[in-house]
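The structure under discussion appears below in the form of structure tokens.
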Amino acid sequence: MADLSSFRPAATVSTLAPTGQDQSEASLLSRRLFLTGACAAVAIGSAVLTAPAAFARTADTGGDTVDTGGDTADHTSSIDDGESNATDSLSGERGPRSIRRALDFLRIASNAYPMSNPGPRLAQSYADQLGLFSTAFVYDNALAICAALAGGTQYEDLARTLGDGVVYAVDHDPVHTDGRLRQAYNVGPYTFYDGNPQPYGFVMPDGTANIGGQFGFTGTAVGDMAWPGIALVHLHHHTADERYLETATRIGQWIIANAYSDKALGGFCLGVNGDNVPLPNVSTEHNIDCVSFFGMLASVTGDRSWTQARDHARGFIERMWEPTKGSFYAGSNDGITINPDPLPLDPQTWSWLALRDKRYARALEWAGSALRVIDDPSAPNSQLPDGTTIAGVTFSSASETSTAQYNGSTVNPGGVWLEGTGQLATSLTDRNRGGDRAKARRLMCQIHTAQSKVGSGQTLGHTALAADGGVVAASSLIDTGFGFGYFQVQHVGATSWYVMAAEKCNPMQHGGLHE
Numbered sequence: 001m002a003d004l005s006s007f008r009p010a011a012t013v014s015t016l017a018p019t020g021q022d023q024s025e026a027s028l029l030s031r032r033l034f035l036t037g038a039c040a041a042v043a044i045g046s047a048v049l050t051a052p053a054a055f056a057r058t059a060d061t062g063g064d065t066v067d068t069g070g071d072t073a074d075h076t077s078s079i080d081d082g083e084s085n086a087t088d089s090l091s092g093e094r095g096p097r098s099i100r101r102a103l104d105f106l107r108i109a110s111n112a113y114p115m116s117n118p119g120p121r122l123a124q125s126y127a128d129q130l131g132l133f134s135t136a137f138v139y140d141n142a143l144a145i146c147a148a149l150a151g152g153t154q155y156e157d158l159a160r161t162l163g164d165g166v167v168y169a170v171d172h173d174p175v176h177t178d179g180r181l182r183q184a185y186n187v188g189p190y191t192f193y194d195g196n197p198q199p200y201g202f203v204m205p206d207g208t209a210n211i212g213g214q215f216g217f218t219g220t221a222v223g224d225m226a227w228p229g230i231a232l233v234h235l236h237h238h239t240a241d242e243r244y245l246e247t248a249t250r251i252g253q254w255i256i257a258n259a260y261s262d263k264a265l266g267g268f269c270l271g272v273n274g275d276n277v278p279l280p281n282v283s284t285e286h287n288i289d290c291v292s293f294f295g296m297l298a299s300v301t302g303d304r305s306w307t308q309a310r311d312h313a314r315g316f317i318e319r320m321w322e323p324t325k326g327s328f329y330a331g332s333n334d335g336i337t338i339n340p341d342p343l344p345l346d347p348q349t350w351s352w353l354a355l356r357d358k359r360y361a362r363a364l365e366w367a368g369s370a371l372r373v374i375d376d377p378s379a380p381n382s383q384l385p386d387g388t389t390i391a392g393v394t395f396s397s398a399s400e401t402s403t404a405q406y407n408g409s410t411v412n413p414g415g416v417w418l419e420g421t422g423q424l425a426t427s428l429t430d431r432n433r434g435g436d437r438a439k440a441r442r443l444m445c446q447i448h449t450a451q452s453k454v455g456s457g458q459t460l461g462h463t464a465l466a467a468d469g470g471v472v473a474a475s476s477l478i479d480t481g482f483g484f485g486y487f488q489v490q491h492v493g494a495t496s497w498y499v500m501a502a503e504k505c506n507p508m509q510h511g512g513l514h515e
């Protein structure tokens, strides 16, 4: 494992796309990116953070020349070929203990700063070693709510705590009163790289929510709205607390009022940056989130306007389908022209969870084959300890050929994106065709190996973490192909998907977290 403590991040966020990469190419992305006020044309994450969270890239991934892998028939193996250290199940005591440790990690992340957060709070997304300090991404917190509910009644208090934090953030924005969430918040004190202290917890002295301004996480993205909305609808279903449904409704209304696209491809645009400037990009992933969220609101409320909004998002998704490959494109930069590559994992896995449409079911086969990787410690840039091999899927078709560097460290094209591997396991389990659950179990065993063998010596809120608690974001440093990377650091998002896969849940369906 690489010694992440050796990295010394710079104090600034660059507003430029990676070297050699056009901003329009980098701009289509997912909920993990930046929406900085200084970079209106660049979507979340295409701004380059010169810190371990997304080390400044010094090599181009090849951009528009990346080979997307073609049809799945071009690949000689798939995710169910039987990796070296996989077993057929996660049965016996190992499985339940592993999931309890994962859920306990989520609880630790939510309680990292008890003196600063006696009331409402959110969970810190990554271990301290990533260099993002106490940043709490709302997407990760939405997943943690869903995972806690999936974990059973003994974790409902954790789900409520984080749900109350989301409600507080909506109700106490320092600038706006329109129901928006920011991409991320600070949840504990720290001193920034330039020596400037951030002394507060989640709630500022004036009662407002502590938005993540140091890193530019002040924008509002549709996916970052939809996922907390999904989580709050689930919380309402489990608790009958009307506050959660009321807040989810406000979130949905914000999306419709601020992101509805009337361009040729339809759907909902990316959102707004930190200066409240609309972003024209339209993401397949975000619209899949909207199909799930609006569909759940329609189911709960009976209001047909939610059905209409769901169908508007679905129309865009269906236009992104590429039948020859059997996969979905990432989206469009302008709502008119489709971006042909790179092809990311999320739209493939979430399309099943949200749509459950047999016409698009083979996107899971494409993901399991075209994005399959094996992280072998003998590879030049692997960070795995000797004797540990991990198989799974990577972030996108560009990840497999990247030679990017982050602060001098070259990515491993064979690195496994463990959050995405949990997504694929969750989707296969839910689809449950012949062999799907066996494939999912093998993927789960790979994640369990990562939980057991990777991520030791890390802290959260300066408190030591168990070596086998949270799941790291990636088995080795990987490049997404969209201007940011994933690192070998314990992560709330990756851990949450592991829990939901193990509990055989579907967070994108109403009632899908079970009782």
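The sequence shown begins at 1 in the working numbering and counts up one residue at a time. Where a beta carbon is used, it is the ideal one built from N, C-alpha and C, also for glycine. Computed from a predicted model, the values in this text were never measured in an experiment.
Host beta strand (DSSP E) of residue i (start-end)
| i | result |
| --- | --- |
| F293 | Premise fails: F293 lies in the alpha helix (DSSP H), T284 to T301, not in any beta strand (DSSP E). |
| R372 | R372 to D375 |
| G315 | Unbroken run through G315 is the alpha helix (DSSP H), R304 to R319; no beta strand (DSSP E). |
| V167 | No beta strand (DSSP E) contains V167, which is instead part of the alpha helix (DSSP H) from E156 to D171. |
| A391 | I390 to V393 |
| A148 | A148 -> not in any beta strand (DSSP E); alpha helix (DSSP H) instead, spanning V138 to A150. |
| C269 | C269 to V272 |
Buried/exposed call for residue i, threshold 16 Cβ in 10 Å
| i | result |
| --- | --- |
| S378 | exposed |
| R97 | exposed |
| D479 | buried |
| K453 | buried |
| D386 | exposed |
| A240 | exposed |
| F316 | buried |
| F482 | buried |
| P347 | buried |
| F192 | exposed |
| I145 | buried |
| G493 | buried |
| G119 | exposed |
| H491 | buried |
| E242 | exposed |
| I255 | buried |
Residue j beta carbon less than 7 Å from that of residue i
| i | j | result |
| --- | --- | --- |
| L122 | Y185 | yes |
| S475 | L143 | no |
| Q183 | F217 | yes |
| F521 | L477 | Past the boundaries of the shown model lies residue 521; the chain is included only from 1 to 515, so the question cannot be answered. |
| A391 | I374 | yes |
| L345 | G420 | yes |
| L181 | V138 | yes |
| M529 | T394 | The requested residue 529 does not occur in the structure, where the chain is confined to residues 1 to 515. |
| A127 | L460 | yes |
| G271 | H312 | no |
| D171 | W227 | no |
| L245 | H236 | yes |
| W366 | S327 | yes |
| T389 | D376 | yes |
Element boundaries [alpha helix (DSSP H), containing residue i]
| i | result |
| --- | --- |
| L232 | V222 to T239 |
| A425 | L418 to R431 |
| G252 | E242 to A259 |
| V492 | V492 to A502 |
| P347 | D346 to L355 |
Reduced DSSP category for residue i - H, G, I as helix; E, B as strand; rest coil
| i | result |
| --- | --- |
| G207 | coil |
| V187 | coil |
| D341 | coil |
| L384 | coil |
| L265 | coil |
| Y200 | coil |
| Q129 | helix |
| I478 | strand |
| F217 | strand |
| L181 | coil |
| G368 | helix |
| T403 | coil |
beta-carbon residue i near the ligand FMN non-hydrogen atom, thresh 6 Å
| i | result |
| --- | --- |
| S299 | The ligand FMN is not among the ligands present in this structure, which contains no ligands whatsoever. |
DSSP beta-bridge partners of residue i
| i | result |
| --- | --- |
| F328 | W321 |
| P278 | V272 |
| Q124 | Partner(s): none; Q124 has no beta bridge. |
| V454 | Answer by DSSP bridge pairing: none, since V454 is not bridged. |
| L460 | T463 |
| T135 | N186 |
| V471 | H491 |
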